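Sequences listed follow chains A and B, in order.
Counting in numbering that gives the first Met the number 0, the first sequence runs from 0 upward without gaps.
Counting in numbering that gives the first Met the number 0, the second sequence runs from 0 upward without gaps.
The beta-carbon is built from N, C-alpha and C at its ideal position, and this holds for glycine as well.
The structure presented is a predicted model; accordingly, all values stated were derived computationally and were not measured.
Structure record follows, encoded as structure tokens.
Number of protein chains: 2
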Amino acid sequence: MKAEKFTLLRHFDGWPQPSDFQLESEELAELQEGEFLCEAEYLSVDPYMRPYSRNLQPPTTMIGSQVGRVLESRCERFPVGSRVVGALGWRSRSVVKGDTPPAVFGVRPLPELGGLPDSYALGSCGMPGNTAYYGFLELCQPKEGETVVVTGAAGAVGSLVGQIAKVKGCRVVGFAGTDAKCDWLKTLGFDATINYKTCPDIDAALKTAAPDGVDCYFDNVGGMLSQRIRQQMNLFGRISVCGCISSYNEKTGEEVKVEVPEKTILFKQLRVEGFIVSRWDKEDLWQKGVQQMAAWIRDGKIKVQETVTEGFEKMPQAFIGMLQGENTGKAVVKAAAE
Amino acid sequence: MKAEKFTLLRHFDGWPQPSDFQLESEELAELQEGEFLCEAEYLSVDPYMRPYSRNLQPPTTMIGSQVGRVLESRCERFPVGSRVVGALGWRSRSVVKGDTPPAVFGVRPLPELGGLPDSYALGSCGMPGNTAYYGFLELCQPKEGETVVVTGAAGAVGSLVGQIAKVKGCRVVGFAGTDAKCDWLKTLGFDATINYKTCPDIDAALKTAAPDGVDCYFDNVGGMLSQRIRQQMNLFGRISVCGCISSYNEKTGEEVKVEVPEKTILFKQLRVEGFIVSRWDKEDLWQKGVQQMAAWIRDGKIKVQETVTEGFEKMPQAFIGMLQGENTGKAVVKAAAE
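Structure (structure tokens):
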């Protein structure tokens, strides 16, 4: 059986380039007992891939999750025709061991989503959904009436965090990088939005958007913007550090520097916690998050948008575009162009 | 009744100068019902005074705590001859309302310390003691066998934190600014010490001192040193931010900048929390901390050192010297020179 995959040729330095990847064909081996053959239907491109690729030793297949269909099977748990979601890398077809642990970076049967699109298992009802659900609710501990700020608010995770905060009765302020994204956030129920790329005075704009100060900050970006938001946190504010995308694509030696953070953390008695969603990957916890998100979406309390790129061969473009903020909501690649 | 006090003439910019203070005489009013007259015996100089003086409107009496003796009283709770500890400012004698709430920045009868010196109520058995006790144990949640790093380790709070960590069965690494302080920390049981002013390679020295990485970091200093220690934290490390003395005395416009902190916080999943000890100032909690510290000291588990300056008129010198690291252990001023 023929398959295609993308090999990462070298570590990124600065912005990833299409030439950092190579599309390769491979001949898959015959299935062994306990294995199944998976064909990618939707593939995910996510910010974490940029820093995590540092742990790879190129040349090697690029990391990533996908929703796929079982084409052949010698494994009872994954019958032919069933769907799976798993960290199978940037591959069009994969031979998979059926006993791979069902973790964030493992493989599991596609959860039952009650009629929602399968691709949501890569977004709102999958890793990014649980990132928003647990990372926000557990670490920020938002209370009704509090003010929540979200950066990267129009991204896969940020757009969910803001809507979860609205479900919890908070005032929500979102930072995004285009006016169109800000307009979209308003349709999701965000109380105020700030285009951080064009806003002439972010401090003043945030003061207007959050007149009672900021109680919770869900941080997807880090760096200068986070420094400025910290200044407007209230006493005993909570910061959930989910991402630091502002510095992922810095060239070595050109890193941004910021004010010493400890002074603000100290006098405002802030609690700042970084997290990787895998800390909640025990099966029962994981499915609880997935099902809560699915229920809110079916109930119309949370809206989902996807930016879909068609064609497996466009994985690098979709990835680079996502890092540059071209997506609104979750960026996915549909393997077969229509 | 005559009294003396120090007036803060202006806000500090950079290092405090003796000329920022003025020694003044005042004539105290007659006691009203419910008041008492307190004569200072020991006065405290602490790092917090530097940033907190920002909240004052000079010219005004400088803030600070003291242990005093009741000279006259029209208040049952504070009889003549009894001792008090309270935030009475830099004053040799004060007229005090007996119903001032017994909080960190209020007034309370001197706790019964079982034979320990009264001045300990300003240090190991008072505000700095509870800062170490609660700020370390509650926020760092140290476990037996973990590695704890303390900066400002030879100061009033740091020297206690390191010893509490030893009581809890941790490996303890202390940073201090002179070889003599490092030698003293060894006598307190610190497993390793680093003179951050003379060490040619702090990263390498810390790696040697903490070969299994750092689980808990009690941060008194902030800034560059904290940035470097963060790099060697273990997954799920805890940082208690108690002080940021490295930046208290920076001149406006000359502030140190550091690397974006979010990346390390994120990928190591660190929890960083700032605190002011007043969050534990409920009377029962407060006395529990004081009595636990006193018990450990009487049992010989925690050793206490004071750097005593004699003479009320030397308050500014003692304060400036403490900020410059001239003290070992708690810096106090004995009001009456002998």
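Bounding residues of the alpha helix (DSSP H) (the contiguous stretch that carries A:K262)
First-last of the alpha helix (DSSP H) with A:K262: E261 to F266.
From A:P46 to A:G154, what does the alpha carbon distance come to, in whole angstroms?
Roughly 10 Å separates the two Cα atoms.
According to DSSP, simplified to helix, strand and coil, what is A:T177?
Under the three-state reduction of DSSP, A:T177 is assigned to coil, being neither helix nor strand.
For B:P108, which residues does DSSP report across the bridge?
Bridge partners of B:P108: B:V83.
Compile a chain-ordered list of the residues in the region 247-264 of chain B whose CB is closer than 7 Å to at least one CB of chain A.
Listed in sequence order: E254, V255, K256, V257, E258, V259, P260, E261, K262 and I264.
Report the three-state DSSP secondary structure of B:E38 (helix, strand or coil).
In the structure shown, the three-state DSSP call for B:E38 is strand.
Under 8 Å between beta-carbons, which chain A residues line up against B:D218? List them in chain order, please.
The CB of B:D218 comes closer than 8 Å to the CB of E261 in chain A, given here in chain order.
For chain A, find out if any of its Cβ atoms is closer than 9 Å to the Cβ of B:L269; answer yes or no.
With 9 Å as the cut-off, B:L269 counts as an interface residue toward chain A.
Do A:R170 and A:E137 have their C-beta atoms closer together than 9 Å?
The beta carbons of A:R170 and A:E137 sit no closer together than 9 Å.
Which residues of chain A have a Cβ atom closer than 7 Å to the Cβ of B:S225, listed in chain order?
Within 7 Å Cβ-Cβ: E261.
Using only alpha-carbon positions, find the residue among B:K333, B:Q290 and B:Q316 that is nearest to B:L109.
Answer by Cα proximity: B:Q290.
Under a CB-based cut-off of 9 Å, is A:P50 close to chain B?
True, the Cβ-Cβ gap to chain B drops below 9 Å.
Using a Cβ-Cβ cutoff of less than 6 Å, which residues in the same chain neighbour A:N326 once the five nearest sequence positions on both sides are dropped?
Non-local C-beta neighbours of A:N326 in its own chain, meaning closer than 6 Å and more than five positions away in sequence, comprise T306, ordered along the chain.
Would the beta-carbon of A:S246 fall within 9 Å of that of B:K256?
The answer is no: Cβ separation not under 9 Å.
Whole angstroms are fine: how far does the CA of A:A208 sit from the CA of B:A152?
Cα atoms of B:A152 and A:A208: separation of roughly 42 Å, rounded to the nearest angstrom.
Looking at the secondary structure, which residues open and close the beta strand (DSSP E) in which B:I193 lies?
Residues A191 to N194.
Residues near A:L36 by beta carbon distance below 8 Å, same chain, minus five either side
Once the five neighbours on either side are set aside, the close Cβ partners of A:L36 are M0, L27, L30, V69, L70, E71, S72, R92, S93, V94 and V95.
Can you check whether the CB of A:A330 is closer than 9 Å to the CB of A:L112?
Cβ distance not < 9 Å, so A:L112 and A:A330 don't count as in contact.
Using 8 Å for Cβ pairs, my map puts A:S127 next to A:L159. What's the rounded Cβ distance?
Going by the sequence as given, residue 127 of chain A is Pro instead of Ser. About 7 Å separates the beta carbon of A:P127 from that of A:L159, a gap short enough to meet the 8 Å contact definition.
Please list, in chain order, all residues of the same chain as A:M48 whose beta carbon is under 7 Å from its beta carbon, the five residues on each side excluded.
I62, G63 and F318.
Evaluate contact between the region 178-189 of chain B and the region 115-125 of chain B, counting only Cβ atoms and requiring at least three cross-stretch pairs below 8 Å.
The region 178-189 of chain B makes no contact with the region 115-125 of chain B; the number of CB pairs closer than 8 Å stays below 3.
Starting from A:L284, trace the beta strand (DSSP E) both ways and give me its first and last residue.
Element bounds for A:L284: not the beta strand (DSSP E) but the alpha helix (DSSP H), E282 to R297.
Name the DSSP bridge partner or partners of A:K4?
A:E23 and A:R90.
Own chain, CB closer than 7 Å to B:W295, minus 5 neighbours either side, in chain order:
Apart from sequence neighbours up to five positions away, the residues of its chain that approach B:W295 with a beta-carbon distance below 7 Å are V166 and I301, ordered along the chain.
Tell me whether A:A86 counts as near the ligand PLP, meaning its Cβ is closer than 8 Å to at least one heavy atom of that ligand.
In the structure on display, the ligand PLP does not appear, and there are no ligands present to speak of.
When DSSP labels each residue in this structure, what does A:Q65 get in the three-state scheme?
DSSP places A:Q65 in the strand class (E or B) of the three-state scheme.
Between which two residues does the alpha helix (DSSP H) holding A:Y132 run?
In the DSSP assignment, A:Y132 falls within the unbroken alpha helix (DSSP H) covering M126 to C139.
Hey, does B:V240 have any beta-carbon neighbour from chain A nearer than 9 Å?
True, the Cβ-Cβ gap to chain A drops below 9 Å.
My assumption, with CB atoms under 8 Å, is that B:K206 sits in contact with B:Q231. Please give the rounded CB distance.
Rounded, the Cβ-Cβ distance is 7 Å, consistent with contact.
Have a look at A:P116, A:D214 and A:L55 and flag the residue whose alpha-carbon is nearest the alpha-carbon of A:R82.
Ranking the options by Cα distance to A:R82, first place goes to A:P116.
Let's test the definition: count the other Cβ atoms within 10 Å of the Cβ of A:D182 and tell me whether it reaches 16, buried, or not, exposed.
Here A:D182 is exposed. Its C-beta has fewer than 16 other C-beta atoms within 10 Å.
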